[in-house]
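Using the working numbering, read the sequence shown as starting at 56 and increasing by one per residue. Reviewing the structure listed below.
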Amino acid sequence: MVFHTQGVRKSKAAYRWGLLTGALVALALVWLGAFLARRKRESSEPEAQPAPAPDLLSRITTLVEEKQFFRRKDLRIGDIASELGTNSTYIPACLNSQMGVSFPTFIARYRVAYAQNLMRREPEKLLSDIAEEAGFSNEANFFRTFKQITGVTPSEWKEGKI
Numbered sequence: 056m057v058f059h060t061q062g063v064r065k066s067k068a069a070y071r072w073g074l075l076t077g078a079l080v081a082l083a084l085v086w087l088g089a090f091l092a093r094r095k096r097e098s099s100e101p102e103a104q105p106a107p108a109p110d111l112l113s114r115i116t117t118l119v120e121e122k123q124f125f126r127r128k129d130l131r132i133g134d135i136a137s138e139l140g141t142n143s144t145y146i147p148a149c150l151n152s153q154m155g156v157s158f159p160t161f162i163a164r165y166r167v168a169y170a171q172n173l174m175r176r177e178p179e180k181l182l183s184d185i186a187e188e189a190g191f192s193n194e195a196n197f198f199r200t201f202k203q204i205t206g207v208t209p210s211e212w213k214e215g216k217i
């Protein structure tokens with residue numbers, strides 16, 4: 056009986072390398088699975104944003120009322136945020152959570168109220184001039200927004216309310 060030791064050695068070495076490679080592949084798959092699960096969990100959880108300061112609403116209304124920011128035709132959330140030194144995401148979040156209104160609706164209400172005061176004080180003034188002074192971008196936008204907020208057109212309101 057003759058034994059060939061070289062063939063056995065090669066197969067033991069191949070077996071060991073195969074076992075080591077299999078273990079490394081298994082380890083890599085476990086790591087990859089954990090990594091993907093963590094990424095999925097992080098992407099599905101909404102990013103927590105700090106709540107706006109409690110006095111932010113009063114600061115917004117003070118700015119809009121006293122400096123009449125609502126009269127700017129090209130007013131953006133960023134304009135108010137810059138003036139108040141805050142993040143522009145806090146402005147709409149504050150208005151929505153504390154007043155239940157969007158930023159455009161908040162500004163539109165001020166513009167309509169201002170237009171109503173102008174119509175009371177200066178009944179002879181043209182509606183197009185009133186729209187411009189109140190901060191509306193055009194007369195059509197003024198009419199549409201006025202009717203949404205009051206339920207009547209500016210002309211109807213002017214005739215019935217003065």
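All residues carry an ideal CB built from backbone N, CA and C; glycine is no exception.
- Taking 7 Å as the cut-off, the Cβ atoms of Val207 and Tyr165 do not count as close.
- The beta carbon of Glu194 sits closer than 6 Å to those of Ser183, Ala186, all from its chain and outside the five residues before and after it, given in chain order.
- Rounded to whole angstroms, the separation of the alpha carbons of Thr205 and Glu177 is 19 Å.
- A Cβ-Cβ contact shorter than 7 Å links Phe125 with Gly190.
- DSSP places Pro178 in the coil class of the three-state scheme, outside both helix and strand.
- The DSSP-derived three-state label of Thr117 is helix.
- Residues of the same chain with a CB within less than 6 Å of the CB of Gly133, apart from the 5 flanking positions on each side, are Ser143 in chain order.
- Cβ neighbours of Lys128 within its own chain (closer than 6 Å, five residues either side excluded): Gly190, Ser192.
- In the structure shown, the three-state DSSP call for Gly155 is coil.
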